[in-house]
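Worksheet: one structure, shown below.
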Amino acid sequence: MNAETQLKVQALVDGELPPNEAAQVEALLAGDAGARQLAASLKATRDALRDNEPQLAVPESREFYWSKIAREIERLEVQNAQPVPTPWLRWARRWLLPVGGVAVLAGLLAMLSASRTPALSANSSRMMPGTISFYLQDEDVTIVWIETGVNSGFTDASPDGSVAVE
Amino acid sequence: MSTSCGSLKVGFCLALALLGIGFSARAEDVKVEAILVWGTNEDPGKYKDLKPVNPELGKRLQYFKWKNYLEINRKTVELQQGKENTVQISKECKLILTYQGNSMFRVQLFGKGERVSDRIQKITLGEKPAVFGGDDKNDTAWFIFITRLPVK
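And the structure:
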């Protein structure tokens, strides 16, 4: 029995053959034991499935069930719809965002310039000869001692007891 | 839509706030006091015009060898950030002070026209002064205290 014959037997069992073809297949079954066995097996399987298939019922009626689905679809479509922005909002998005960005940048630059560190690091001296700094721990103070020589002129004490000041 | 409007408002307000901060970070004015002190072992009574330094300054000089510390001159000056200001602390000596911001000062000392020190010093309001010193004639010494004062 070839595949085409098997399909015809299956179609006969399913009731899908036109009358003239059905008569031909039934005549074939009368003369072919293998085809009769196939037809019997297919019928038994069909009957078993039909008679033992569990019947499941939804809580709502079919119409109400599908109407719920339709309403949910409509609700989701409305929720996802993008509104058309108002003209002033479009203008704001176009101009305020870049202006705001520039303002942020300007503010950051101003803050950076105010906190710019000097060319020399803290408590540092240029390479002046004869400068010593020492730290008095008890007083928590650093003294910068400059070897200016005895004629620095800082105090200019004169013999008459006065000290020359400005 | 409400979410995008809200974030736009926040961004705009933040930008305005930062602009305000930027504009407010202008040059700062400060006030400092420079005190010239003379350290000597001579009798201070010989120098009637001079008075002993206040105990607070004297405490920082106790580690030096001199017995007497006399205040010679005291100058107060207001500094604008970034601008040099000359303080003639004695007849032949001067300071050039420049406030650089963030309590940082450039201190240049000149003695008899010659620059003897050029230093960046941190001088914070309400904290210890910057102290400079050096030898002077007749085995004496000079000291300069630079203190930050509040700007009224």
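Same order as they appear, the protein sequences are chains R and X. Per my numbering, the very first residue in the first sequence carries number 1; after that it's consecutive. Per my numbering, the very first residue in the second sequence carries number 167; after that it's consecutive. Where is the CB? At the ideal position from N, CA and C, for every residue including glycine.
Spatial neighbours of residue i in its chain, beta-carbon cut-off 7 Å, leaving aside the 5 residues before and after
i	result
R:Val165	Residue confidence is low: R:Val165 scores 42 on pLDDT, short of 50, so the model does not pin down where it sits. Its coordinate-derived value is still stated next. Contacts found: none.
R:Val13	Ala39, Leu42, Lys43 and Arg46
R:Gln175	This structure leaves residue 175 of chain R out entirely; chain R is present only between 1 and 166.
R:Ala35	Met1, Thr5, Val9, Leu28 and Leu29
R:Val25	Lys8, Val9, Leu12 and Leu17
X:Tyr213	Leu236
R:Ala33	none
Residue i burial status per 10 Å Cβ neighbour count (16 or more: buried)
i	result
X:Gln287	buried
R:Pro18	exposed
X:Asp209	exposed
R:Ser61	exposed
R:Lys94	Per the sequence presented here, residue 94 of chain R reads as Arg, with Lys not at that position. So R:Arg94 ends up on the exposed side.
R:Lys68	exposed
R:Tyr135	exposed
R:Leu76	exposed
R:Leu108	exposed
R:Gly130	exposed
R:Gly101	exposed
Cut-off 8 Å between Cβ atoms - residues of its own chain near residue i, not counting five sequence neighbours on either side
i	result
R:Met127	Unreliable positioning characterises R:Met127 in this predicted model, as indicated by a pLDDT of 45, which lies under 50. The coordinate reading is nonetheless provided below. No residues qualify anywhere along the chain.
R:Ala22	Leu12
R:Val141	Tyr135
X:Val317	Asp195, Val196, Lys197 and Glu244
X:Pro218	Pro210, Gly224, Asn234, Tyr235, Leu236 and Glu237
Other residues of its chain near residue i: CB distance less than 6 Å, five sequence neighbours each side excluded
i	result
R:Glu4	none
X:Arg314	Val198, Ile289 and Leu291
X:Pro295	Phe311, Ile312 and Thr313
Euclidean distance between Cα positions of residue i and residue j
i	j	result
R:Pro176	R:Trp91	Here chain R has residues from 1 to 166 only, and residue 176 of chain R is not among them.
X:Asp195	R:Trp88	44 Å
X:Trp308	X:Ile255	11 Å
R:Val144	R:Ser133	4 Å
R:Phe154	X:Thr242	18 Å
X:Gln274	R:Ala110	28 Å
R:Ala48	R:Gln55	14 Å
R:Glu72	R:Val104	45 Å
X:Glu280	R:Gln137	32 Å
X:Arg226	X:Asn220	11 Å
X:Asp305	X:Val253	25 Å
X:Asn207	X:Gln246	39 Å
Presumed contact (8 Å Cβ cut-off) between residue i and residue j, rounded CB distance
i	j	result
X:Phe311	X:Leu223	6 Å
X:Lys257	X:Phe276	12 Å between Cβ atoms; not a contact.
Mind the definition here: the stretch 234 to 252 of chain X touches the stretch 195 to 203 of chain X only if three or more C-beta pairs lie below 8 Å; say whether that holds. yes
Taking one C-beta from the stretch 267 to 281 of chain X and one from the stretch 217 to 233 of chain X each time, how about it: are there three or more such pairs within less than 8 Å? no
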